[in-house]
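Chemist: One structure, pasted below without further comment.
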Amino acid sequence: MTEPTTSPSRHVAIIGGGPAGLMAAEVLSRAGVRVDLYDAMPSVGRKFLLAGVGGMNITHSEAYPAFLSRYAERAPQIAPLLRAFDAQALCQWIHDLGIETFVGSSGRVFPTDMKAAPLLRAWLKRLRESGVVIHTRHRWLGWQADGQLRIDSPDGEKQLKPDALLLALGGGSWARLGSDGAWMPLLAERGVELAPLQPSNCGFDVAGWSEVLRSKFAGAPLKNIAIGMPDSPARLGECVITASGIEGSLIYTWSALIREAINQQGVATILIDLLPGKPVDKVAAALAKPRGSRSMSKHLHSQLGLDGVKAALLRELAPAECFADPLRLAQAIKGLALNLINTRPLDEAISSAGGVRFEALDENLMLKAMPGVFCAGEMLDWEAPTGGYLLTGCFASGRAAGLGVLSWLKA
1 MTEPTTSPSR HVAIIGGGPA GLMAAEVLSR AGVRVDLYDA MPSVGRKFLL AGVGGMNITH
61 SEAYPAFLSR YAERAPQIAP LLRAFDAQAL CQWIHDLGIE TFVGSSGRVF PTDMKAAPLL
121 RAWLKRLRES GVVIHTRHRW LGWQADGQLR IDSPDGEKQL KPDALLLALG GGSWARLGSD
181 GAWMPLLAER GVELAPLQPS NCGFDVAGWS EVLRSKFAGA PLKNIAIGMP DSPARLGECV
241 ITASGIEGSL IYTWSALIRE AINQQGVATI LIDLLPGKPV DKVAAALAKP RGSRSMSKHL
301 HSQLGLDGVK AALLRELAPA ECFADPLRLA QAIKGLALNL INTRPLDEAI SSAGGVRFEA
361 LDENLMLKAM PGVFCAGEML DWEAPTGGYL LTGCFASGRA AGLGVLSWLK A
């Protein structure tokens, strides 16, 4: 990345050591700015590292129009960030750190060793070599009356007044890793327009499973299914039954729409297709075959391969009278209605929606109410599904905010 240079005497404070804050630090330090980065945790990048435990999905290889659509109603605001630093640019940046990547069968992009730690180590080495000073166990407390920043450190409270401030404080999920949303009232006091933090990429509760389903199938995966919502086409994937409801990757792709339906109506209905590879008429024809003395469970297994958690879910949700009518039972198998009544708690969610509204920012991601204060990353009011879209958005917004700071300093 080639950035414009500015006076080395200029000083910028960055609060938050996740991908957005670290990317902003790289942009600024490469331009000759003195950068101090503060993080409340004992080390930086903690949520980034945890996200990589099951395989570091860094971005996605799908075409740009489909990629941009993942940001839903915030796509217009995310678009300029991605045009400047898209998935391909992110991969090249990773390669420049000496980390190779590969594209998985789902189109997701991973480091070749599937780990986040080597990437973060290489990145932090480069940042320190460029002069970035990282202060861990330093919590930002807001501002003093004279505008100085208040920083709580192991040595007591410190005050500083940098030439610009960049906030990359994360959202409200996984508070134990540092994203606790404690910054919300600090910005609200300054007149910054905020949207409430809500769970995103999260699980949902049902009114209550039967004891049989909960005791025997909590934790069981629902594989090779499709889930849709009324008036929305179904998507293929898998999810997991939980003791209180349902979660997993396929549910996460619907989480924003499910959450908003619950917010507006108190309940959201999803439609589960247990056999997405079979049309309803063929399912009905299979069910209509004589079963003789066999039980319905054995009939479902022999004719359709339905057993285990899928058969249990069918028993749980389909009206009893459906089992005497092959067509009605087939329709239930192809569109099993499940009512969801709550999101799981925010702290359990993979990410959060809400935060600093884009309407509160200028084109450089500077707060209109607070000139010289910039925001980036998950603390902005946007959301995206898992699959690399979250990380790409954080990297791209961190880079954009860093460039915005440079423009401000040179003005």
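To convert, note that position 345 of the sequence shown is 345 in UniProt numbering; the numbers rise steadily by one, no gaps.
For each residue, glycine too, the CB sits at the ideal point set by N, CA and C.
Please read all numbers here as calculations on a predicted model, not as lab measurements.
#1: Applying the criterion that 16 or more other CB atoms from any shown protein chain within 10 Å of the CB defines a buried residue, is residue 64 buried or exposed?
#2: Tell me whether residue 236 is buried or exposed, calling it buried when 16 or more other Cβ atoms sit within 10 Å of its Cβ.
#3: Say whether the region 270-280 touches the region 302-322, bearing in mind that this needs 3 or more beta-carbon pairs closer than 8 angstroms, one atom from each stretch.
#4: Taking the alpha-carbon positions, what's the residue 396 to residue 53 distance?
#5: List in chain order: all unbroken alpha helix (DSSP H) runs of 4+ residues lying wholly within the UniProt domain "RsdA/BaiN/AoA(So)-like insert" (198-351).
#6: According to DSSP, is residue 410 part of a helix, a strand, or is it coil?
#7: Note down, in chain order, each residue of its chain lying with its Cβ closer than 7 angstroms to the Cβ of residue 317, except the 5 sequence neighbours on either side.
#8: On a Cα-Cα basis, can you pick out the residue from 23, 61, 100 and 104 that is closest to residue 88?
#9: Please report the Cβ distance between residue 201 and residue 350, rounded to the nearest whole angstrom; I am assuming they are in contact, meaning their Cβ atoms lie under 8 angstroms.
#10: In its own chain, which residues sit with a C-beta less than 8 angstroms from the C-beta of residue 372, not counting the 5 before and 5 after it?
#11: Leaving aside the five residues before and after residue 389 along the sequence, list all residues of the same chain whose C-beta is less than 6 angstroms from its C-beta, in chain order.
#12: Consult DSSP for residue 405 and reduce its assignment to one of helix, strand or coil.
#13: Helix or strand or just coil, what does DSSP make of residue 108?
#14: Helix, strand or coil: which one does DSSP assign to residue 134?
#15: Does DSSP classify residue 86 as helix, strand or coil?
#16: Could you tell me the alpha carbon to alpha carbon distance between residue 411 and residue 225, rounded to whole angstroms?
#17: In terms of residue numbering, what span does the alpha helix (DSSP H) encompassing residue 123 cover?
#18: Between the Cα of residue 35 and the Cα atoms of 44, 19, 42 and 11, which residue gives the shortest distance?
#19: Cβ of residue 86 within 9 angstroms of Cβ of residue 67?
#20: Flag this pair as yes or no: are the beta carbons of residue 228 and residue 239 separated by less than 9 angstroms?
#21: Residues bridged to residue 159 by DSSP?
#22: Buried or exposed: where does residue 319 fall if 16 or more other Cβ atoms within 10 Å of its Cβ makes it buried?
#23: Which same chain residues, not among the five before or five after residue 117, have their C-beta less than 8 angstroms away from its C-beta?
#24: According to DSSP, which residues form a beta bridge with residue 165?
#25: Could you compute how far the alpha carbon of residue 82 sits from the alpha carbon of residue 295?
#26: Once you ignore the five residues that flank residue 135 on each side, which residues in its own chain have a CB closer than 6 angstroms to its CB?
#27: For the beta strand (DSSP E) that residue 142 lies in, which residues bound it at each end?
#28: Considering only the alpha carbon of each residue, which of 264, 265 and 269 lies closest to residue 251?
#29: According to DSSP, what are the bridge partners of residue 36?
#30: By Cβ distance below 6 angstroms, which residues in the same chain neighbour residue 399 in space, the five residues on each side in sequence not counted?
#31: Decide if residue 80 is buried, meaning its Cβ has at least 16 other Cβ atoms within 10 Å, or exposed.
#32: Who are the near neighbours of residue 7 in its chain, counting only those whose CB is closer than 6 angstroms to its CB and skipping five residues on each side?
Modeler: Based on what the coordinates show:
#1: Counting from one through the sequence shown, the residue named residue 64 turns up at place 64. The residue in question, residue 64, is exposed, as its Cβ has fewer than 16 Cβ neighbours within 10 Å.
#2: Translated into positions along the sequence shown, residue 236 becomes position 236. Flag for residue 236 reads exposed.
#3: yes
#4: Taking the sequence shown and counting its residues from 1, one reaches residue 396 at position 396. Taking the sequence shown and counting its residues from 1, one reaches residue 53 at position 53. Cα-Cα distance, rounded: 22 angstroms.
#5: 211-217, 249-265, 280-288, 296-304, 308-317 and 326-334
#6: As a working note, residue 410 is residue 410 in the sequence shown. Correct three-state label for residue 410: helix.
#7: The count along the sequence shown starts at 1 and reaches residue 317 at position 317. For residue 317, where only same-chain residues beyond five positions count, the Cβ hits under 7 angstroms are 336, 337 and 338.
#8: Here residue 88 refers to the residue found at position 88 when the sequence shown is read from its first residue. Closest option to residue 88, Cα to Cα, is 61.
#9: Reading the sequence shown from its first residue, position 201 is the one you call residue 201. Reading the sequence shown from its first residue, position 350 is the one you call residue 350. Right, the Cβ-Cβ distance comes to about 4 angstroms (below 8 angstroms), so this counts as a contact.
#10: Translated into the one-based positions of the sequence shown, residue 372 becomes position 372. Answer for residue 372: 163, 164, 165, 366 and 408, listed in chain order.
#11: In the sequence shown, counting from the first residue as 1, residue 389 sits at position 389. The residues are 70.
#12: Your numbering for residue 405 matches position 405 in the sequence shown. Here residue 405 sits in helix by DSSP.
#13: Position 108 of the sequence shown, counted from the first residue, corresponds to residue 108. Strand, per DSSP.
#14: Against the sequence shown, residue 134 aligns to sequence position 134. Looking at residue 134 - three-state DSSP - the assignment turns out to be strand.
#15: Residue 86 sits at position 86 when you count from the first residue of the sequence shown. Correct three-state label for residue 86: coil.
#16: Counted from its first residue, the sequence shown places residue 411 at position 411. Counted from its first residue, the sequence shown places residue 225 at position 225. So the two alpha carbons sit approximately 55 angstroms from each other.
#17: For this step, residue 123 is matched to residue 123 along the sequence shown. Taken as a continuous stretch (DSSP letters only), the alpha helix (DSSP H) holding residue 123 covers 117-129.
#18: Locating residue 35 in the sequence shown gives position 35, counting from the first residue. Nearest option by C-alpha distance: 11.
#19: As a working mapping, residue 86 is identified with position 86 in the sequence shown. As a working mapping, residue 67 is identified with position 67 in the sequence shown. Yes, Cβ-Cβ distance for residue 86 and residue 67 is below 9 angstroms.
#20: Within the sequence shown, numbered from 1, the residue matching residue 228 stands at position 228. Within the sequence shown, numbered from 1, the residue matching residue 239 stands at position 239. No, the pair does not count as a contact, with Cβ atoms beyond the cut-off.
#21: Position 159 of the sequence shown, counting from 1, holds the residue named residue 159. Answer is 150, bridged to residue 159.
#22: The residue you call residue 319 lines up with position 319 of the sequence shown. Classification for residue 319: exposed.
#23: Sequence index remark: in the sequence shown, residue 117 carries index 117 (1-based). Cβ neighbours of residue 117 beyond the five flanking positions: 49 and 52.
#24: Locating residue 165 in the sequence shown gives position 165, counting from the first residue. BP columns for residue 165 point to 13 and 373.
#25: Stepping through the sequence shown from its first residue, residue 82 is reached at position 82. Stepping through the sequence shown from its first residue, residue 295 is reached at position 295. Spanning the two alpha carbons is a distance of roughly 56 angstroms.
#26: Working through the sequence shown from its first residue, we reach residue 135 at position 135. Excluding positions up to five away in sequence, the list reads 38.
#27: Indexing the sequence shown from 1 puts residue 142 at position 142. Here the beta strand (DSSP E) through residue 142 covers 139-143.
#28: The residue you call residue 251 lines up with position 251 of the sequence shown. Of the listed residues, the one whose Cα sits closest to residue 251 is 269.
#29: Within the sequence shown, numbered from 1, the residue matching residue 36 stands at position 36. Per DSSP, 13 and 133.
#30: Numbered from 1 along the sequence shown, position 399 holds the residue referred to as residue 399. Excluding residues within five positions, the ones whose Cβ falls inside 6 angstroms are 23, 27 and 85.
#31: Counting from one through the sequence shown, the residue named residue 80 turns up at place 80. Exposed, by the Cβ-count rule.
#32: In the sequence shown, the residue the question calls residue 7 occupies position 7. Note on residue 7: pLDDT 49, under 50, position unreliable in the model; no value is reported.
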